[in-house]
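Each remark here refers to the structure printed beneath this line.
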Amino acid sequence: MAKTTKRPYPEYAISQLTSKHKLVSLWRLMKGYQLHYIGATAFLAISAFARSGIYIFLGKFVDDVLGAGLVGRELVLAALQFSGLVLLQALSIFMSGWLASFTAESSTRRLRDYLFDHIQHLSYAYHAEAKTGDLLERASSDVDTIRRFLADQAIGVGRIILLFAINFTAIARINLQLAGISVVIVPIVLVVSILFFQRLSKAYEAYQEQEAVLSTNLQENLSGVRVVKAFARQAYEMEKYEKNNLEKLRRGYKLNTMHSLFWPISDMVCAAQQIASNFIAATMVMDGVITLGSLITFNGLLGWLIWPIRNLGRLIVDTSRALVSFGRISQVLQTPEEDLTECTYQPEGSVRGEIRFDNVSFEYEKDRPVLDGVSFECKAGQVVALLGSTGSGKTSLVNLLPRFYDVTSGRILLDGTNLNDYSRAYLRSQIGIVEQEPFLFSCTIRDNITYGLQTEVSQAEVEQAAREAAIHDVITGFAEGYDTMVGERGVTLSGGQKQRVAIARALLLNPRILILDDSTSSVDMETEVQIRTALEKLMVARTTFIIAHRVQSILSADLILVFDQGHIVQSGTHEQLLAQPGIYRQIYDIQTRIDSALQEELDRVDLL
Amino acid sequence: MSTYYDENELEDTVTQKSGVFRRLWGVLKPHYKSLLLALAGIIIVSALDSYFTLLFKRIIDEAIVPKNRVVLTQLYTIYGAIVIMQALGVFAFVYFVGRQAESIRYELRKALFTHLQSLSLSYFSRTPLGWIMARVTSDTERMSELLSWGIIDSTWAITNILTASVFMFIINSRLAWIVVLSLPVMVYVALKFRKRIYYHYRRSRKANSKMTAALNENITGVRVVKALRRENKNLDNFKVLSTAMFNSSYRAAFLSALFLPSIQTISAISLGLILWRGGLMVSESAISIGSLQAFISYIMMILWPINDLARVYAEMQNAIASSERVFSLLDTVPAISNREQLIPITSLSGDVAFNHVSFHYDDNEPVIRDLTFQVPRGQTIALVGPTGGGKTTIVNLLCRFYEPTEGDISIAGHNYLDYDLRQIQSRIGVVLQTPHLFSGSVRENIRYGRLDATEEQIQEAARLAGADQFITNLEHGYDQDVGEGGNLLSVGQKQLISIARALLAEPDIFVMDEATSSVDTLTEELIQKGMRQLMAGRTSFIIAHRLSTIKHADRIMVISAGQIAESGSHESLMKLKGAYYHLYTQQYRHELETSMDQFTGDYHAPAQAT
């Protein structure tokens, strides 16, 4: 299966990413920036060496320069060397931080783009099942967790381990016994802090959950303000909010109590170790085992041996969370995309629009067909009306045409060629869809009309399409006309207006095949007439599939298909169907009865 | 929750700036005890931090160099005592300031929520929901951080710098000057850095919201994206956003990486100077070795308080802007409130009269013009007419969500402004066009109509509303969770529950905005039945769309351009062959066609069709 679609990062294929070991996968995630990251680690080591060097230098300075009473050139030189060491340490810390953040930001930016593109290439079936909020969370906050891991946590763990190793070695060089004594407490501090941060992390999650509850509470109260006022339930609402707010306060207190106990207690434990080691070192100086300079060195190094261990606990807990996030992202990445360009038949120009269903069956779940043995055919430019109750298979049928789904058995022929031989991209360019209440994007109205057009169009063409779709006057009625923003921060269009925007779009796209939902449940009569007129214009010379709700569309259809539980139970023109017994005639009879009832009523009023 | 709302977009609505500090103090004042304890804790911790360095100097100079083991033991005992005191100090400040932060957050939210309940509908219709949400969530967060950790962190930093300076001057004033003179430079550089970092950090957060919004939209609209093959264009657009995110986020990270090393570079200069001058002094025996070591430690540690000070300062400016916004919300005066002298009522049962009522929103065109009509007790009025004609406004005025700008409305013989606002609203039952439910169970939602209702009363209301059948068919019956905003139920089901809720409240006046969206025939029948239950014996105002509703009314009023165009019974209006006749025949045809819906069904997304 050759991939020809232009993808954002060809060198960055998913197959290269996945590994049983998440840390290995994370390493591959940094592809192209791995050298930077190695650089960051190297500078990290330099900074750790420099830091230890500062204290070793100070000790030697006390012993060899001051102790020897050297005050001339040696002193100036020593001062310069000392400043130099501090500068080296500062510089390498900067380099390490810079390279690590560059790696983290660059890798996650690429991951974000990749995920965005991957998600929009996932199959229709995947999106029908997936929860938007969940996908969103994976592509945003999980990615951010990875970013923080690469920028801070991984580097942090490395830093603490390096500091420990280097400082421990340096102390061991002063006095092995002293080094041994100084790390007695370290394993205990590490274990306790890991346990603590695990519990803290749970308590923090509980706190965040309550924060979400409180937010939802507030949001519902605000969006339901009319209900609250109508029932004068302000007191009740306050009570409810108070309850949630108090619970959050309680959880916050709990979190805080954990902090307020852990820090001073661990402080004391670490300080006890420091005092003990320090005291022993001091007596060693008095006993002449080590020099005064060594004590000063030791005192400086010791702090960097003990205190960072507490943070190591936090970082280890954070790391395990980052790996969980990465696992969640991997799940999305490993879902196969649908291929847009794969095909065995690439026609020149447009299709004619001749369609044949040949014993087509389709199922979402195994052995539960929603379409079963559907066969019919229509000529190019004909109108096919689909009738049937909810779940009878109409929607599934039209979803097969742009290959949102592929047939389970049987075949669909378009201009005599199997639909599966066309690429999805080509098919979709030939098919226009106008839904009952189309999704509009939060951009300008003009951008919504031209959405999906592969060529540039002039403003005049846009306006012409809008006029034909009977939406031009509505648009020019807005203060900013075609530049009016749609959506959350702009105007809200009614269902009927959205539909007309979609009609204007379809007119510009000029597809050969059209899928229409002609129901208009929430528009007034005048608008309905406008939409009907617009739709009629749109249907001219296109093969049209209508999910029909209106008598007019059915009357003028070339073929009416009546669906029931995935089967076509009746098919033919209006006249043909009316001539035979069946559901169609029954329903039509009811309508004519209603029609005559209206006439009767009008007559009656006239008589009064 | 509308997370993507740009919280700064409406910043300009804040006008008054005066007195923000005075008011912040007002928020802080009730917590002065815990604040004092926390401050005591942090000052002890901070001063002792500085003292440690001095103590180590004493250990070198007074114990180790003269080899005095008695003094050594004494000094280490002091060391131990200080550690314990410090631990107590840490406990005190973490415990008290943490609780204080949490409490202030809690109190601010409570105050805001309570205040929001008193604001009028007009406020909510002109203020975006996201804006209010941001005030209650992120702004209170920033305020409480400032009033707790902000104070503590800056106190720690200032105490630390001051005590270290004092100790240095005690040890040696000439060397101390070298350090103290380098301080302003470090503070200045730190402030510059912190402000830039904070600036880019905030920009990256904004960029992040935009990116998430774009992603959200692409997932929600994926059907359109696929159908129109917009994938490549969308990726290009997304890359613009992710690049913006990269730029600000990377810049913040870069500056953060550069920040401390820069301060260290400045301190490297003073360290060199100290080592050189101090070395000379040691050789001249002007100072001890311990003193020199103490100076070096002080310089190497002064980095941290400077860092904290700069951070608090950078965040403070935004916290103050947040406070101003919070206070401005609290200062918003409800447009509608009770008069001073109220007529006590127990029932609103009686005639309703509009006398020359006019109304306009803000300064706009009047939407209701000189409207006069009377409704005898118990009658049902159907309001019909074009969208924007004023039907909804009439209902809003009747519920006193808004008050007339001219003329008056009287209920049961008195101007309704003389009644208690909440009394009126609780005696009027309202069923909205788009029913709003709250998260929780079905039972809780019905009980919303009368909080002290018994289980029997709740089920009776559900039965009368025709909702009991679908409720008992739910997996958990009355305990079924309806989801956020009721979104786990269908529109029709939500409508039935909202009718049951209104029935349970047993209002004197009933107001309904009939839904235009079609529900299946069976549900529609149930809704009609429930409505008739509500209308029985009550003065009712229905914004009507269904023919059967309209025909059931005692009187039909055609509202157009803020006035009554036609008024009378169905027959008399039909005879006029005017606006009503036109509306009626149109609606008749429409219903005829949608009645086919039981046959044609609705267009559903495949997810639901499965």
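Heads up: the sequence lines are chains A and B, in that order. Residues 3 to 610 in this note's numbering are what the first sequence spells out, letter by letter. Residues 411 to 1020 in this note's numbering are what the second sequence spells out, letter by letter. Beta carbons: idealized from backbone N, C-alpha and C, even for Gly.
- In the structure shown, residue 951 (chain B) adopts extended strand secondary structure according to DSSP, grouped into three states.
- If you keep only unbroken beta strand (DSSP E) runs of at least 3 residues inside the region 879–961 of chain B, you get 919–923, 949–953.
- Taking a beta-carbon distance threshold of 8 Å, residue 431 (chain A) counts as an interface residue toward chain B.
- In the three-state reduction of the DSSP assignment, residue 272 (chain A) falls in the helix class, which pools H, G and I.
- Under the DSSP definition of a beta bridge, residue 367 (chain A) partners with A:370.
- Close to chain B, meaning a Cβ-Cβ distance shorter than 7 Å, is no residue of the region 477–500 of chain A at all.
- Sequence-ordered contacts of the region 258–292 of chain A with chain B read 258, 259, 261, 262, 263, 265, 266, 267, 269, 270, 273, 274, 277, 280, 281, 284, 285, 287, 288 [C-beta pairs closer than 8 Å].
- Residue pairing by DSSP places residue 776 (chain B) opposite B:770 in a beta bridge.
- By the neighbour-count criterion, in which 16 or more other beta carbons inside 10 Å mark a residue as buried, residue 175 (chain A) falls on the exposed side.
- Within the region 668–682 of chain B, the residues whose Cβ lies closer than 8 Å to any Cβ of chain A are, in chain order, 668, 670, 671, 672, 674, 675, 677, 678, 679, 681, 682.
- In the structure shown, residue 781 (chain B) falls within a strand segment according to DSSP collapsed to helix, strand and coil.
- One alpha carbon belongs to residue 647 (chain B), the other to residue 616 (chain B), and they sit about 16 Å apart.
- By the criterion of a C-beta distance shorter than 7 Å, residue 64 (chain A) is surrounded in its chain by 294, 295, 298, once the five residues flanking it on both sides are discounted.
- Taking 7 Å as the upper bound on Cβ-Cβ separation, chain A lies near residues 840, 842, 846, 848, 849 of the region 840–855 of chain B.
- Here residue 404 (chain A) is buried. Its C-beta has 16 or more other C-beta atoms within 10 Å.
- Below the 9 Å Cβ cutoff, chain A contributes no neighbours of residue 742 (chain B), its closest Cβ being approximately 14 Å away.
- For residue 646 (chain B), the enclosing alpha helix (DSSP H) has its first and last residue at 641–693.
- For residue 413 (chain A), no alpha helix (DSSP H) run applies; the uninterrupted beta strand (DSSP E) run containing it begins and ends at 411–416, by DSSP.
- Non-local C-beta neighbours of residue 35 (chain A) in its own chain, meaning closer than 8 Å and more than five positions away in sequence, comprise 104, 105, 108, 109, ordered along the chain.
- Under DSSP, residue 379 (chain A) shares a beta bridge with A:358.
- For residue 227 (chain A), the chain B residues whose Cβ falls inside 8 Å of its Cβ are 531, 534, in order along the chain.
- CA-to-CA, the gap between residue 892 (chain B) and residue 734 (chain B) works out to about 38 Å.
- Residues of chain B with a Cβ closer than 7 Å to the Cβ of residue 235 (chain A) are, in chain order, 858.
- Note on residue 442 (chain B): under 16 other CB atoms within 10 angstroms of its CB, so exposed under the neighbour-count rule.
- In the three-state scheme derived from DSSP, where H, G and I count as helix and E and B as strand, residue 578 (chain B) is classed as helix.
- Around the C-beta of residue 598 (chain B), fewer than 16 other C-beta atoms lie within 10 Å, and the residue is accordingly described as exposed.
- Excluding the 5 residues flanking it on each side, residue 666 (chain B) has same chain C-beta neighbours closer than 8 Å at 607, in chain order.
- For residue 564 (chain A), the pairing in a beta bridge is given by DSSP as A:389, A:572.
- Per DSSP, residue 977 (chain B) is one residue of the beta strand (DSSP E) stretching across 973–978.
- Excluding five sequence positions before and after residue 380 (chain A), the CB atoms of its chain that fall closer than 6 Å to its own CB belong to 357, 386, 561, given in chain order.
- Boundaries of the alpha helix (DSSP H) around residue 319 (chain A): 310–336.
- Beta-bridge partners assigned by DSSP to residue 339 (chain A): A:124.
- Counting C-beta pairs closer than 8 Å gives fewer than three between the region 971–983 of chain B and the region 816–836 of chain B, which falls short of the contact rule.
- Closest option to residue 369 (chain A), judged by alpha-carbon separation, among A:138, A:411, A:200, A:182: A:411.
- Ranked by how close their Cα comes to the Cα of residue 475 (chain A), the residues A:545, A:559, A:532, A:348 have A:532 in first place.
- Three or more pairs of CB atoms, one per stretch, sit closer than 8 Å, so the region 333–341 of chain A contacts the region 119–134 of chain A.
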